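In our numbering, the protein residues as written are 5 to 195.
Structure (C-alpha coordinates):
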(Lines of atoms letter the chains of each structure in order from A; the text may use other names.)
(Lines give C-alpha, C1' and ligand atoms only; values in the text may rest on other atoms or scores of the structure.)
Protein backbone atom coordinates (compact mmCIF):
# COMPACT_ATOMS: atom_id res chain seq x y z
CA UNK A 5 0.00 0.00 0.00
CA UNK A 6 2.86 2.39 0.82
CA UNK A 7 4.44 1.78 -2.60
CA UNK A 8 1.16 2.56 -4.39
CA UNK A 9 0.80 5.79 -2.40
CA UNK A 10 4.39 6.79 -3.22
CA UNK A 11 3.91 6.11 -6.96
CA UNK A 12 0.65 8.14 -7.04
CA UNK A 13 2.32 10.96 -5.09
CA UNK A 14 5.26 11.09 -7.50
CA UNK A 15 2.99 10.99 -10.56
CA UNK A 16 0.89 13.87 -9.23
CA UNK A 17 3.92 16.02 -8.52
CA UNK A 18 5.60 15.19 -11.82
CA UNK A 19 2.99 17.04 -13.89
CA UNK A 20 4.18 20.46 -12.74
CA UNK A 21 6.09 22.77 -15.10
CA UNK A 22 8.05 24.72 -12.48
CA UNK A 23 11.74 23.78 -12.22
CA UNK A 24 13.81 23.45 -9.06
CA UNK A 25 16.79 24.57 -11.12
CA UNK A 26 16.79 28.12 -12.41
CA UNK A 27 19.22 31.01 -12.80
CA UNK A 28 19.02 32.14 -9.15
CA UNK A 29 21.04 30.75 -6.25
CA UNK A 30 19.15 28.34 -4.01
CA UNK A 31 19.90 26.53 -0.79
CA UNK A 32 18.56 23.08 -0.03
CA UNK A 33 18.75 20.14 2.34
CA UNK A 34 18.59 16.48 1.47
CA UNK A 35 19.23 12.91 2.46
CA UNK A 36 21.34 10.39 0.58
CA UNK A 37 20.72 6.64 0.73
CA UNK A 38 24.12 5.15 -0.02
CA UNK A 39 26.56 2.98 1.89
CA UNK A 40 26.78 5.70 4.54
CA UNK A 41 23.44 7.47 4.80
CA UNK A 42 24.22 11.17 4.71
CA UNK A 43 22.54 14.50 5.32
CA UNK A 44 23.28 16.89 2.46
CA UNK A 45 23.42 20.68 2.46
CA UNK A 46 23.08 21.80 -1.14
CA UNK A 47 23.86 25.18 -2.65
CA UNK A 48 22.86 25.43 -6.30
CA UNK A 49 23.51 28.26 -8.70
CA UNK A 50 22.80 27.94 -12.41
CA UNK A 51 24.37 24.72 -13.63
CA UNK A 52 26.61 24.03 -10.61
CA UNK A 53 25.99 22.56 -7.18
CA UNK A 54 28.20 22.35 -4.06
CA UNK A 55 27.17 19.77 -1.46
CA UNK A 56 28.88 19.28 1.89
CA UNK A 57 27.62 16.15 3.64
CA UNK A 58 27.78 14.37 6.97
CA UNK A 59 26.72 10.82 7.78
CA UNK A 60 26.71 8.30 10.61
CA UNK A 61 26.24 4.53 10.80
CA UNK A 62 26.00 2.15 13.73
CA UNK A 63 25.56 -1.61 13.68
CA UNK A 64 25.56 -4.48 16.16
CA UNK A 65 25.90 -8.19 15.67
CA UNK A 66 25.13 -11.10 17.99
CA UNK A 67 25.62 -14.31 15.99
CA UNK A 68 24.65 -17.61 17.60
CA UNK A 69 26.77 -20.73 17.60
CA UNK A 70 29.50 -22.28 19.65
CA UNK A 71 30.61 -18.94 21.11
CA UNK A 72 28.84 -15.96 22.64
CA UNK A 73 29.96 -13.05 20.54
CA UNK A 74 29.01 -9.39 20.24
CA UNK A 75 30.40 -6.79 17.90
CA UNK A 76 29.64 -3.17 17.11
CA UNK A 77 30.67 -1.08 14.16
CA UNK A 78 30.44 2.72 14.13
CA UNK A 79 31.41 5.22 11.46
CA UNK A 80 31.20 8.97 10.93
CA UNK A 81 31.66 10.49 7.48
CA UNK A 82 32.22 14.04 6.26
CA UNK A 83 32.48 14.92 2.61
CA UNK A 84 32.24 17.52 -0.11
CA UNK A 85 30.82 17.09 -3.58
CA UNK A 86 30.72 19.35 -6.61
CA UNK A 87 28.37 18.63 -9.48
CA UNK A 88 27.40 20.01 -12.81
CA UNK A 89 23.73 19.85 -13.69
CA UNK A 90 22.68 19.51 -17.34
CA UNK A 91 19.01 19.91 -18.24
CA UNK A 92 17.85 17.13 -20.60
CA UNK A 93 14.09 17.68 -20.65
CA UNK A 94 11.55 19.82 -18.84
CA UNK A 95 11.78 17.96 -15.49
CA UNK A 96 14.90 15.86 -16.04
CA UNK A 97 18.54 16.71 -15.33
CA UNK A 98 21.79 14.77 -15.50
CA UNK A 99 24.18 15.18 -12.54
CA UNK A 100 27.91 14.48 -12.78
CA UNK A 101 30.94 15.41 -10.76
CA UNK A 102 33.48 14.46 -8.07
CA UNK A 103 33.05 13.86 -4.33
CA UNK A 104 35.65 13.38 -1.56
CA UNK A 105 34.76 11.59 1.69
CA UNK A 106 36.66 10.96 4.93
CA UNK A 107 35.27 8.27 7.24
CA UNK A 108 36.33 7.49 10.82
CA UNK A 109 35.61 3.83 11.65
CA UNK A 110 35.52 2.02 15.00
CA UNK A 111 35.09 -1.73 15.55
CA UNK A 112 34.61 -3.54 18.89
CA UNK A 113 34.28 -7.32 19.30
CA UNK A 114 34.06 -9.60 22.34
CA UNK A 115 33.92 -13.41 22.15
CA UNK A 116 33.43 -15.77 25.13
CA UNK A 117 33.34 -19.57 24.85
CA UNK A 118 30.32 -21.59 26.00
CA UNK A 119 31.75 -22.04 29.49
CA UNK A 120 32.15 -18.31 30.01
CA UNK A 121 35.63 -18.50 31.49
CA UNK A 122 37.74 -15.38 31.55
CA UNK A 123 40.72 -17.22 30.04
CA UNK A 124 38.72 -17.97 26.87
CA UNK A 125 37.61 -14.39 26.25
CA UNK A 126 38.80 -12.62 23.12
CA UNK A 127 38.54 -8.83 22.75
CA UNK A 128 39.33 -6.95 19.54
CA UNK A 129 39.00 -3.17 19.22
CA UNK A 130 40.40 -1.02 16.45
CA UNK A 131 39.96 2.35 14.75
CA UNK A 132 40.97 3.57 11.30
CA UNK A 133 40.34 6.32 8.73
CA UNK A 134 39.18 5.78 5.17
CA UNK A 135 39.59 8.46 2.50
CA UNK A 136 37.51 8.03 -0.66
CA UNK A 137 37.36 9.78 -4.02
CA UNK A 138 34.20 9.29 -6.07
CA UNK A 139 32.92 10.24 -9.48
CA UNK A 140 29.17 10.14 -9.94
CA UNK A 141 26.72 10.42 -12.81
CA UNK A 142 22.99 9.91 -12.99
CA UNK A 143 19.54 11.36 -13.59
CA UNK A 144 17.76 13.83 -11.33
CA UNK A 145 14.02 14.26 -11.61
CA UNK A 146 12.39 17.55 -10.60
CA UNK A 147 9.20 17.07 -8.60
CA UNK A 148 7.79 20.57 -8.43
CA UNK A 149 9.48 23.85 -7.59
CA UNK A 150 11.26 22.68 -4.45
CA UNK A 151 11.80 18.91 -4.53
CA UNK A 152 14.22 16.69 -6.53
CA UNK A 153 15.12 13.00 -6.47
CA UNK A 154 18.24 11.52 -8.07
CA UNK A 155 19.92 8.16 -8.61
CA UNK A 156 23.63 8.08 -9.40
CA UNK A 157 26.19 5.46 -10.38
CA UNK A 158 29.25 5.93 -8.17
CA UNK A 159 32.69 4.40 -8.85
CA UNK A 160 34.85 4.87 -5.74
CA UNK A 161 38.57 4.58 -4.98
CA UNK A 162 39.31 4.29 -1.24
CA UNK A 163 42.43 4.27 0.89
CA UNK A 164 42.12 2.67 4.33
CA UNK A 165 44.74 3.74 6.84
CA UNK A 166 46.57 1.40 9.19
CA UNK A 167 44.27 0.53 12.13
CA UNK A 168 45.09 1.44 15.72
CA UNK A 169 44.38 -1.49 18.05
CA UNK A 170 43.39 -1.29 21.71
CA UNK A 171 44.77 -3.41 23.34
CA UNK A 172 47.67 -3.90 20.90
CA UNK A 173 46.94 -6.81 18.61
CA UNK A 174 49.50 -9.20 17.13
CA UNK A 175 48.20 -9.10 13.55
CA UNK A 176 47.21 -6.01 11.62
CA UNK A 177 44.76 -5.30 8.84
CA UNK A 178 47.32 -2.93 7.33
CA UNK A 179 46.62 -0.24 4.77
CA UNK A 180 44.74 -0.92 1.57
CA UNK A 181 43.47 0.61 -1.65
CA UNK A 182 40.08 -0.56 -2.92
CA UNK A 183 37.91 0.13 -5.93
CA UNK A 184 34.15 -0.31 -5.77
CA UNK A 185 31.18 0.44 -7.96
CA UNK A 186 28.03 1.46 -6.14
CA UNK A 187 24.99 3.63 -6.36
CA UNK A 188 23.26 6.38 -4.50
CA UNK A 189 19.69 7.68 -4.25
CA UNK A 190 19.20 11.22 -2.91
CA UNK A 191 16.20 13.43 -2.24
CA UNK A 192 16.63 17.20 -1.90
CA UNK A 193 14.34 20.04 -0.89
CA UNK A 194 15.21 23.59 -2.06
CA UNK A 195 13.97 26.65 -0.20
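Virtual Cβ for every residue (Gly too), placed ideally from N, Cα, C. Since the model is a prediction, treat every value here as computed from it, not as a measurement.
Beta-carbon proximity of residue i to residue j, cut-off 8 Å
i: residue 53; j: residue 89; result: yes
i: residue 59; j: residue 43; result: yes
i: residue 129; j: residue 100; result: no
i: residue 134; j: residue 73; result: no
i: residue 109; j: residue 65; result: no
i: residue 87; j: residue 112; result: no
i: residue 81; j: residue 63; result: no
i: residue 156; j: residue 192; result: no
i: residue 188; j: residue 50; result: no
Sequence-distant residues of its chain with Cβ nearer than 6 Å to residue i (five each side left out)
i: residue 48; result: 30
i: residue 190; result: 34, 36 and 154
i: residue 85; result: 55 and 103
i: residue 57; result: 42, 44 and 83
i: residue 127; result: 114
8 Å CB neighbourhood of residue i in its chain, flanking five on each side removed
i: residue 96; result: 143, 144, 145 and 146
i: residue 184; result: 159, 160 and 162
Buried versus exposed call for residue i [16 or more other C-beta atoms within 10 Å across all chains shown]
i: residue 159; result: exposed
i: residue 107; result: buried
i: residue 179; result: exposed
i: residue 194; result: buried
i: residue 137; result: exposed
i: residue 140; result: buried
DSSP beta-bridge partners of residue i
i: residue 110; result: 78 and 131
i: residue 89; result: 99
i: residue 188; result: 156
i: residue 59; result: 42 and 81
i: residue 49; result: 29 and 52
Contacts around residue i, its chain only, beta-carbon distance under 7 Å, and the 5 residues preceding and following it disregarded
i: residue 92; result: 98
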